[in-house]
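Here's the structure we're looking at; comments come further down.
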Amino acid sequence: MKRIYTLAIYIFFLCTTAIFLYPIYFPIASSMKGNTEIFSSPFALPTLFKFENYLQAWQVAKIGLDFRNSMLLSTGTVVLCLLVSSMGAYILSRFRFRIKSLIYVYFLIGMMIPIQSTILPLTYIIGKLQWTDNYLVIVLLFVTTNLPIAIFILTGFMSQIPTTLEESGIMDGAGILTIFSTIIIPLSTPAIATVSIFVFLQSWNDLLIPLIFIHKPNLQSISLGLLSFKGQYGTEYGALMAAMVISIVPPLAVYMAAQEKVQSGLTAGAVKG
């Protein structure tokens with residue numbers, strides 16, 4: 001009876017694993033199939049591997065250009081968001097002033113407000129100022145949507161750093177900027193890695209902001225470029241799946257490289273000390 005129970009547990013976990021892995025397997029397998037084979041054999045491996053789908057996605061559909069655009073937008077967003085949020089979190093975690101709690105709550109409220117609720121006034125303002133197709137504006141919009149969670153994680157982490165380290169620095173004659181750059185930032189590496197990955201993924205996968213504020217084809221992001229595979233009379237699903245596989249490589253690689261720091265940063269930064 002015990003063996004039957006153990007076998008049932010193993011079968012259950014195998015089925016659960018297969019369910020979670022299928023969304024990864026399907027685009028990879030379909031990226032090397034033709035349209036007919038994708039619909040006739042969605043679960044099977046390709047009978048003839050069509051690697052030209054990747055070439056078509058990269059060159060013909062210009063997903064390579066969209067890839068570069070997304071890298072510029074995401075990298076710029078990460079750098080600017082880290083610069084602003086790290087300084088803001090340091091002030092909120094170390095300095096005492098009258099409206100400190102109010103400012104912190106203000107950022108927490110920002111986590112609860114979706115970008116969709118502000119898209120109409122943003123569209124009106126940016127349209128009036130003629131700031132569409134402007135990468136700086138897109139980066140600033142990405143930063144504002146990710147800043148609350150970045151402040152939340154970094155403030156919680158920095159609050160747990162012992163103040164004795166800073167006191168030692170002050171005794172040695174170090175100023176605030178020196179303490180911030182040589183003590184706080186190095187010790188906050190796990191939280192910074194967590195915020196970097198989160199902001200990068202959010203910026204890389206965001207479709208709404210580029211869809212509304214980017215009109216020129218040569219400036220579109222990779223998430224927006226995937227929509228271009230849908231033609232008026234049909235869609236080349238093999239090339240579309242190849243483009244999807246290409247689009248998930250950078251965030252997956254970045255996350256795998258910083259996985260341990262991300263997990264420790266989430267654990268430590270989740271609680272405000």
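Using full-length UniProt numbering, read the sequence shown as starting at 1 and increasing by one per residue.
C-beta: ideal position from N, C-alpha, C; glycine also.
Excluding the 5 residues flanking residue i on each side, which residues of the same chain have their C-beta closer than 6 Å to its C-beta?
i, result
"I161", "L187"
"A89", "I151, L154, T155, M158"
"V78", "S196, V199, F200"
"L141", "I209"
"G110", "P148"
"M244", "P27"
"I170", "none"
Which first and last residues belong to the alpha helix (DSSP H) in which residue i is found?
i, result
"residue 275", "With the chain covering only 1 through 273, there is no way to say anything about residue 275."
"M158", "135-158"
"F198", "189-205"
"L45", "No alpha helix (DSSP H) holds L45; DSSP gives it neither H nor E."
"I109", "100-112"
"I170", "163-171"
"G127", "119-128"
"L21", "2-30"
"L219", "Taken as a continuous stretch (DSSP letters only), L219 belongs to no alpha helix (DSSP H), as it is neither H nor E."
"S40", "35-40"
"I176", "176-179"
For residue i, which residues of its own chain have a beta-carbon under 7 Å away from its beta-carbon, when the five flanking residues on both sides are left out?
i, result
"L219", "N69, D133"
"L211", "L224"
"S93", "T155, M158, S159"
"A29", "L45, P46"
Taking buried to mean at least 16 other C-beta atoms within 10 Å of its own C-beta, is residue i buried or exposed?
i, result
"S247", "buried"
"S221", "buried"
"C81", "buried"
"F180", "buried"
"F97", "exposed"
"I99", "exposed"
"A270", "Model confidence at A270 stands at a pLDDT of 47, short of 50, so the residue's coordinates are unreliable; what they give is reported in the following sentence. Burial call: exposed."
"I192", "buried"
"Q259", "exposed"
"G173", "exposed"
"A242", "buried"
"Y237", "buried"
"P190", "buried"
"Q130", "exposed"
"F67", "buried"
"V143", "buried"
"K33", "buried"
"F51", "exposed"
"L73", "buried"
"L240", "buried"
"V249", "exposed"
"residue 275", "The chain is shown only over 1 to 273; residue 275 falls outside these bounds and no answer can be derived."
"Y124", "exposed"
From the DSSP output, read off the bridge partner residues of residue i.
i, result
"K230", "T235"
Ordered along the chain, which non-local residues of its own chain (more than five positions away) have a Cβ less than 8 Å from that of residue i?
i, result
"C15", "none"
"V137", "I126, W131, F213"
"F20", "none"
Is the segment 105-122 in contact with the segment 140-151, if contact means three or more CB pairs nearer than 8 Å? Look at the beta carbons and you see the segment 105-122 touching the segment 140-151: at least three pairs across the two are nearer than 8 Å.
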